[in-house]
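Numbering (this note's numbering), first residue to last: 1037 to 1872. Okay, so here's the structure we're looking at.
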Amino acid sequence: MSECQGSLTPPVRKEGCLHKKRKWPLKGWHQRFFTLDNGILKYAKTPIDVQRGRLHGSMDLGLSVMSIKRKAGCIDLDNEESIYHLKTKSKEHFEQWVSSLRHHRQHRQFSISMAPSVDGDTPVCAVAGQRRQSSLHRQASLGPQARLAAGWYHDSQDMEKCDRDLLHCQSGLGNMEQMLHSLESLHKSQSATSFSDIQAACLENGKKEKRVSRRWRAKSSLKDNKPLLQVPNSMPTSPLRSHASNPNLASAGSDAVLANYSTSLSDGLNISPEHGRLCQDFYSLAQRVHTSLCAVYMALSSEREKGKKLEQESLGAGAAVHLMTLRKSLSQAVALNVELTNRLSRIHIESNLSELIAAPAGAELATERPMLGRPLLAQLSESQLSVSEGEFYDAQEVLRSSSSSEATDDDDSSISDDVSDTISEDTGSRASFKSQQSNAPSNPETFDGNREFQTGRRMHLPAPAADTSSIGLWDILRKNIGKDLSKVAMPVELNEPLNVLQRLCEEMEYSDLLDRAADTDDPAQRMVLVATFAVSTYASTISRAGGKPFNPVLGETYECIREDRGFRFIAEQVSHHPPISVCHCDSKKFVLWQDVRLKNKFWGKSMEIIPVGTVNVKLLKYGDEYEWNKVTSCIHNIMGGQRWIEHYGEVIIKNKKSNVCQCKINFIKASYWSSEANQVQGTVMDQNGRVLHRLFGKWNEGMYCGAQRSARCIWRPGSLPQDHELYYGFTRFAIELNELDPVLRPHLPPTDTRFRPDQRFLEEGNMESAQREKLRIEEFQREKRRLMEDKNILYTPRFFRKNITQDSREEWLMNNTYWELRKDPGFSKIDNPILW
């Protein structure tokens, strides 16, 4: 019962260095860093690699077999797919790891056996075989019957008696081994003639010869501490497992063999009294051990019959419950399909644009975007309108009838499926035109809600990207290996017509996730949506590895008012050395602010982008204030070949106003041994560390919540334009960011990024003017900085202020002057700094 109680106690996380035998065909041992957490053993080269997700392997101890060699100090772990041979530095270290591995293994096996089918929270180790996965799902599907069987197993008194009998047998076998050594010594002292007489006496009977040979085989196996006795045909030979042993028992006929052998020795030969006494003791002890093993075998047979009976009953009940669940799910799916079909038909009828009438232009609406002769409907989020062109994760979605790759082949036939995937997630994602329009505020500074149709924005850039094949990138980068590339002058052709401030605004493309979180009462579900938003900010980078955003100059600003999305955004470059970009975004439901400092380092064939800073989101309805960090990005194949980008590291999301739950998201680094890339895994845990929700997916394809076979899709990115490769890989949202129309121009400050000449020339395809203006602006900024240093003038940001947090960390907050100056008296009527 102590083992059962120990399996209920949560094991303590353990980590440290062990020696691992190298994989075949390599030889020798190498040191690796291992972590043992909740029954999952992971290892990597260093502790930092474990934190960054650069794992060399992992193993589920609940699905593995453990073997211990105390003399050699070795631990062998086998899960059919791989074998770990581990060795410790000291005996004390060995005992600690053995104890931890046993505790984690027992707790993991107990968790698997007790897991209900509706939870779906028990992770299946990625390296386990398909056969083990199927057995695990079958066991978890038993529900209460599985818990009943587990309770029978742990409460069985017969199993305790078996344990005691096996301990006695083990002790008796040890004594028998010592007696055999003594008999062997006495036997060697006899003369060769006596030995021949012993053989002749033993060979008189054919059965005796057979039993003697079995005795010698038993002797050799006893020396290896592996007693094996053959089971007669009358007994069942199915292997049973009782904790750490699985004995096969011999028949009662072995008693006669031992008696005949003892008689032949005493009658046919003159042996010493000591030798006879040892033989008699050996015979008596063997009888006791044999009797105990028979009792253990009978007890195990009885317990096996009980277990088989319970398993049959459980399988029958589980199948009935599973059938009822399937019927219920089918009826719900049919009803939802009818509802969605009707909704799609209604949308099709209501989408007639011929009846739309442009809203009258008034003085109050002068600051908003014009129709420009294009009466378009309000734009919904890309995650709700578009079909992703990527190959999605292999989890089955609700009502999904075909894979996403098939859906992209035929857009017409995939409309209903994509609407089903998006709308069926929850109530928050079933947004209609009215629900999207209701998010718009009621004045120019808070986004006039009556202007929902006036969102006509451009759909193409003025000119495609320039050809960069003739640029000697190696000559530039080889002189700057290990340096911060933000301080290195690059040809303008390597840039994209957006800067870092606009890239911060681009992260708001899927702000509807925050709107959904602001309308969700469950704090754990709110955390799921906030975590998904944190992942969605990386979606647009999948096609942007070829270009570099412009570095903002000191004092540069960027504003973005999106009536259709219900938010307004302002960003400013508050420092140049080090470069610090800050932004603030607010709506009726949430407020977001962040400060980021990008460090770029070139390492020969790749370039790392390391962000320093935090992202903060406040949900106004509940007062929750979330904070998280950003992960490292790496662009590969800088010098040649197809460039590609990946993100890796861990994101920790905390609610500073409540400790009800927190979230950890792991961006997994691509490895040479795996074809999977862009993988993301996360967990939402309560304050006690219990997992509430599991997240998985790919940052460029979508995020899912729940178990793999029944996960629901939380978010999917919008599809890219058909010609995105020619236009810097921009998304539809990115194409709109640098647009400047005549009505918006008077209301922007001259420091706005849209007025930057080198970036505007690049967007228009005028490379010569763009390069000339870029060099002029850089020289102008250097001269301006020298003048400020000579006069000891410290730069003060216009719209943000520095604040020191309780943990002595710097953060930048908006001073609430930008929107006031924009409204009254207007930026055109006040003095503004000259930046270019």
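Each residue gets a CB set at the ideal place from its N, CA and C atoms; glycine is no exception.
Q. Below 8 angstroms between beta carbons: does that hold for I1104 and L1122?
A. No. Outside cutoff.
Q. Comparing alpha-carbon positions, which option in L1549, R1088, E1128 lies nearest K1107?
A. E1128
Q. Do you know offhand how far L1731's Cα is from A1706's?
A. The C-alpha of L1731 lies about 18 angstroms from the C-alpha of A1706.
Q. Quick one, which of G1109, N1636, C1198, D1555 has its alpha-carbon nearest K1057's?
A. Among G1109, N1636, C1198, D1555, the Cα nearest to that of K1057 belongs to G1109.
Q) Can you give, in chain order, each stretch of the beta strand (DSSP E) that sits fully within the segment 1087 to 1143 and has at least 3 residues? A) 1093 to 1096, 1101 to 1105, 1110 to 1114, 1119 to 1123
Q. What do you reckon, are the CB atoms on D1794 and I1771 nearer than 8 angstroms?
A. no
Q: For E1800, write down the residues that DSSP places opposite it in a beta bridge.
A: Beta-bridge pairing links E1800 to no other residue.
Q: Measure the C-alpha to C-alpha separation of N1851 and F1835 and round it to an integer number of angstroms.
A: 6 angstroms
Q: Please name the residue, chosen from E1213, K1624, K1125, A1502, that lies closest to H1066 on a Cα-to-Cα basis.
A: K1125
Q) In angstroms, rounded to a whole number, what distance separates the CA positions of L1537 and T1593? A) 7 angstroms
Q.
Going by DSSP in three states, Y1854 sits in which element: helix, strand or coil?
A. helix
Q: Locate the alpha helix (DSSP H) running through S1617, then write down its first and last residues.
A: Segment 1615 to 1623 is the beta strand (DSSP E) holding S1617; no alpha helix (DSSP H) there.
**Q.** Range of the contiguous alpha helix (DSSP H) that encloses E1532
**A.** Here E1532 belongs to no alpha helix (DSSP H); instead the beta strand (DSSP E) covers 1531 to 1535.
Q. Which residues bound the alpha helix (DSSP H) around E1772?
A. 1768 to 1773
Q) Is it buried or exposed for W1060, if we count other Cβ within 10 angstroms and need 16 for buried? A) exposed
(Q) With three or more beta-carbon pairs closer than 8 angstroms as the criterion, would you say the segment 1831 to 1850 touches the segment 1752 to 1759? (A) no
**Q.** Rounded straight-line distance, which links the Cα of K1081 to that of R1068
**A.** 5 angstroms
Q: Evaluate the contact criterion for the segment 1689 to 1705 versus the segment 1578 to 1596: three or more CB pairs, one atom per stretch, below 8 angstroms.
A: no
Q: Go ahead and pull the three-state DSSP assignment for E1341.
A: helix
Q. Within this structure, are the beta carbons of Q1630 and V1648 separated by less than 8 angstroms?
A. Contact check for Q1630 against V1648 fails: the beta carbons are separated by 8 angstroms or more.
Q | Beta-ladder partner(s) of D1860, from DSSP | A | The partner list for D1860 (beta bridge, DSSP) is empty, contrary to what the question assumes.
(Q) Using a 10 Å radius around the Cβ and a threshold of 16 neighbouring Cβ atoms, would you call S1755 buried or exposed? (A) buried
Q: Would you grab the beta carbon distance between R1790 and L1776 for me? Rounded to a whole angstrom, and I think it's under 8 angstroms.
A: 4 angstroms
Q. Does the distance from the C-beta atom of Q1807 to that of V1528 stay below 8 angstroms?
A. Cβ distance < 8 angstroms, so Q1807 and V1528 count as in contact.
Q.
Would D1722 and C1699 be called neighbours here (beta carbons separated by less than 8 angstroms)?
A. no
Q: Grab me the residues of T1577's own chain with a C-beta within less than 6 angstroms of its C-beta, minus the 5 sequence neighbours each way, in chain order.
A: I1681
Q. Thinking C-beta only, is S1669 closer than 8 angstroms to I1701?
A. no
Q: Look up G1312 in the DSSP assignment and say whether it is helix, strand or coil.
A: helix
Q.
Tell me which residue opens and which closes the beta strand (DSSP E) that M1563 is part of.
A. No beta strand (DSSP E) holds M1563; the alpha helix (DSSP H) holding it covers 1559 to 1572.
Q: To the nearest angstrom, report how far apart Y1854 and R1781 are at their CA atoms.
A: 16 angstroms
Q) CB-CB under 6 angstroms to R997, same chain, minus the five flanking residues each way: which ones, in chain order? A) Beyond the ends of the chain as shown, which are 1037 and 1872, falls residue 997; an answer cannot be given.
Q. Are there 16 or more other CB atoms within 10 angstroms of the CB of Q1609, so buried, or fewer, so exposed?
A. buried
**Q.** Counterpart residues of R1781 in DSSP-defined beta bridges
**A.** Answer by DSSP bridge pairing: none, since R1781 is not bridged.
(Q) According to DSSP, simplified to helix, strand and coil, what is V1589? (A) coil
(Q) In whole angstroms, give me the CA-to-CA distance for T1048 and V1720. (A) Looking at the sequence shown, residue 1048 is not Thr but Val. Distance between the alpha carbons of V1048 and V1720 is about 20 angstroms.
Q: Along the beta strand (DSSP E) that carries R1837, what are the first and last residues, could you check?
A: 1836 to 1840 is the span of the beta strand (DSSP E), which, as asked, contains R1837.
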